[in-house]
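The next block holds one structure in the form of structure tokens; read it before the comments.
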Amino acid sequence: MTVVSLRTLGMCSLCVDGEYVEELARSRQLTSLLVYLLVNPGRELPNKELVEVLWPEREPDAKTEHALKNLMYRARAMLRRSGADGLADALASQKGGYCFVEREVDFSSDIRRFTELCHHLERQEVYVEEGYALFSELIGLYRGRFLQELSPVEWIRNYQQKLHDMYLRACRQIVDYLIRWSYYQEIPTLCSRVLEIDPNSTTFQRLHIWSLLQVGDWKQARAVSERTIAKIKSRGLPVPEELQKMQRQVLSWPKRVEKRVHMLANMMAEPRGHEGAYQCEYASFCQISQVLQRILQRHQLHCCLGVFTVERADGGALAEHHCRAAMTDLLTVLQLGLRRGDVFCRYSDCQFLVLLTVQLHRHGAQAMRRMVEQFGELCRVPGIALDFDVMPLPDPDIRD
Numbered sequence: 041m042t043v044v045s046l047r048t049l050g051m052c053s054l055c056v057d058g059e060y061v062e063e064l065a066r067s068r069q070l071t072s073l074l075v076y077l078l079v080n081p082g083r084e085l086p087n088k089e090l091v092e093v094l095w096p097e098r099e100p101d102a103k104t105e106h107a108l109k110n111l112m113y114r115a116r117a118m119l120r121r122s123g124a125d126g127l128a129d130a131l132a133s134q135k136g137g138y139c140f141v142e143r144e145v146d147f148s149s150d151i152r153r154f155t156e157l158c159h160h161l162e163r164q165e166v167y168v169e170e171g172y173a174l175f176s177e178l179i180g181l182y183r184g185r186f187l188q189e190l191s192p193v194e195w196i197r198n199y200q201q202k203l204h205d206m207y208l209r210a211c212r213q214i215v216d217y218l219i220r221w222s223y224y225q226e227i228p229t230l231c232s233r234v235l236e237i238d239p240n241s242t243t244f245q246r247l248h249i250w251s252l253l254q255v256g257d258w259k260q261a262r263a264v265s266e267r268t269i270a271k272i273k274s275r276g277l278p279v280p281e282e283l284q285k286m287q288r289q290v291l292s293w294p295k296r297v298e299k300r301v302h303m304l305a306n307m308m309a310e311p312r313g314h315e316g317a318y319q320c321e322y323a324s325f326c327q328i329s330q331v332l333q334r335i336l337q338r339h340q341l342h343c344c345l346g347v348f349t350v351e352r353a354d355g356g357a358l359a360e361h362h363c364r365a366a367m368t369d370l371l372t373v374l375q376l377g378l379r380r381g382d383v384f385c386r387y388s389d390c391q392f393l394v395l396l397t398v399q400l401h402r403h404g405a406q407a408m409r410r411m412v413e414q415f416g417e418l419c420r421v422p423g424i425a426l427d428f429d430v431m432p433l434p435d436p437d438i439r440d
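In terms of the working numbering, the sequence shown is residues 41 to 440.
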């Protein structure tokens, strides 16, 4: 059976039995006809519909039907010259039209797989073990807009808009999952990828700036914000309100971090109130670490810096999907196991940082070992170990 693979997202290509049909790129009309047949497998396409697709400026008549018949003859001949006899035979003539008979070939297309992934993300809960494989595949498939090298006639424009809207919805769903799993450091890369294809997406412009703030890169967030707004103004367009609001957040971010530090200090000074650890992004964690020792000294307490590292028990390389699953379990342990006055944040793909409020420094190591035991009971990934280091809080910064 002939094996056919069609790519249409970005530059179009047709591969038959492992060989690319190079001649396809030489004719826009041949490309448009073949792709339209292949993206509608099993559907009988009347001549009138195909004429409207190929020559939208002309009324269907005897001349256009003859031109269609001639073009189909050329398409089959081209495929046979390329050794794709099976695909040529699968383009069957029907009464008053044509049909791609998929059962005659082993057919795959990037559109079909892309659509399956988008529907999967919309209809089914995705967990960290499978999520990143799906996300990477989705982004890899959408290399550009549908048939972007062809003139955007109506049917191509309709497909482009439909698939692009699906892509934006799927990427927005991905961002929601990343936020839920506290993988903020992945979001700027995803937003940059979306903005390469759709630089005018206000939603992802805003998410890009917001995510940079969450990973503590305030200078980059400010630079991106200023650059984005400058580009909009250079085109003589009004700046969307949501981007103006985000820029105000960027400019006020240092003061917001300072307020969080004071909030934590008040929380720790109160005998009652919020229970459990305080989770924050790395930027706030750094600010908190610089003043926490002074706050704790007033209450005759100490502060330890702990580092949790997820690794393979045998010392080998840790698979990415195993690391992500283990980090999700570790996040659950920290949320449930740390105490009032403790602070934690994600530091890298395989590490969390914690600030532990203790009466004696040795109590910090005891608390870390307790977290390791709880992780061992909860972790679903076999062969995973949790290492930790604990030390008095250095002064003034944590990262070199």
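Don't be surprised by glycine CBs; every beta carbon is placed ideally from N, CA and C.
Taken in chain order, the whole beta strand (DSSP E) runs of length 3 or more contained in the segment 342-406 are 342-352, 383-388, 391-398.
As summarised for the segment 54-133, the continuous alpha helix (DSSP H) elements at least 4 residues long and confined to that stretch are 68-78, 87-94, 102-121, 125-130, given in chain order.
Apart from the 5 residues on each side of it in sequence, Glu142 sits with its Cβ closer than 6 angstroms to the Cβ of Pro81, Gly82 in its chain, given in chain order.
Under the DSSP assignment, Val145 falls outside any alpha helix (DSSP H), being part of the beta strand (DSSP E) whose first and last residues are 145-149.
Per the coordinates, the alpha-carbon of Arg220 lies some 22 angstroms from the alpha-carbon of Leu426. Three or more Cβ pairs drawn from the segment 119-128 and the segment 43-62 lie within less than 8 angstroms of each other, which places the two stretches in contact. Taking C-alpha positions only, Gln399 is separated from His342 by approximately 6 angstroms. Residue pairing from DSSP places Thr42 in a beta bridge opposite Val145.
Here Ala323 carries a helix assignment [DSSP, helix/strand/coil]. Taken through DSSP and simplified to helix, strand or coil, Ala317 comes out as coil. Between the alpha carbons of Arg410 and Val264 lies a gap of roughly 42 angstroms. Apart from sequence neighbours up to five positions away, the residues of its chain that approach Phe186 with a beta-carbon distance below 7 angstroms are Thr48, Leu49, Ile196, Tyr199, Gln200, Leu203, ordered along the chain. Taking a C-beta distance under 8 angstroms as the contact criterion, Leu178 and Phe147 do not qualify as a contact pair.
The three-state secondary structure of Arg409, taken from DSSP, is helix.
Of all C-beta pairs linking the segment 87-98 to the segment 219-239, fewer than three are shorter than 8 angstroms, placing the two stretches out of contact. For the 8 angstroms CB-CB criterion, Phe384 and Ala323 do not form a contact. Boundaries cannot be given for Tyr223, as no beta strand (DSSP E) includes it and DSSP labels it neither H nor E. Restricting attention to Leu157, Leu291, Asp150, the CA atom closest to the CA of Ile214 is found in Leu157.
Ranking Val166, Glu84, Val44, Val145 by CA distance to the CA of Tyr138 puts Glu84 first. Remark: C-beta atoms of Tyr167 and Tyr207 do not approach each other more closely than 8 angstroms.
In this structure, the beta-carbon distance from Val75 to Cys52 falls below 8 angstroms. Proximity to Asn87 across Asp354, Asp382, Leu73 peaks at Leu73, based on C-alpha coordinates. Here Gln287 is not near Ile272, since their CB atoms are 8 angstroms or more apart.
Within the same chain, and ignoring the five residues on either side of Trp293 in sequence, the residues whose Cβ sits closer than 7 angstroms to its Cβ are Leu253, Trp258. Between Arg420 and Asp389, the C-beta gap is not smaller than 8 angstroms, which leaves the two residues out of contact.
Taking 8 angstroms as the upper bound for CB-CB distance, Gly180 and Tyr217 are not in contact here, some 18 angstroms apart.
By the neighbour-count criterion, in which a residue is buried when 16 or more other Cβ atoms sit within 10 angstroms of its Cβ, Ala132 is exposed.
DSSP places Val430 outside any alpha helix (DSSP H); the residue lies instead in the beta strand (DSSP E), whose first and last residues are 424-432.
Annotation: the continuous alpha helix (DSSP H) that includes Phe244 extends over 242-254. With contacts defined by Cβ atoms closer than 8 angstroms, Leu396 and Gly346 form a contacting pair. When secondary structure is reduced to three states using DSSP, Tyr138 falls in the strand class.
Looking at the DSSP output, Phe186 shares a beta bridge with Leu49. A Cβ-Cβ distance of about 5 angstroms is found for the pair Leu70 and Ala115, placing them in contact under the 8 angstroms criterion.
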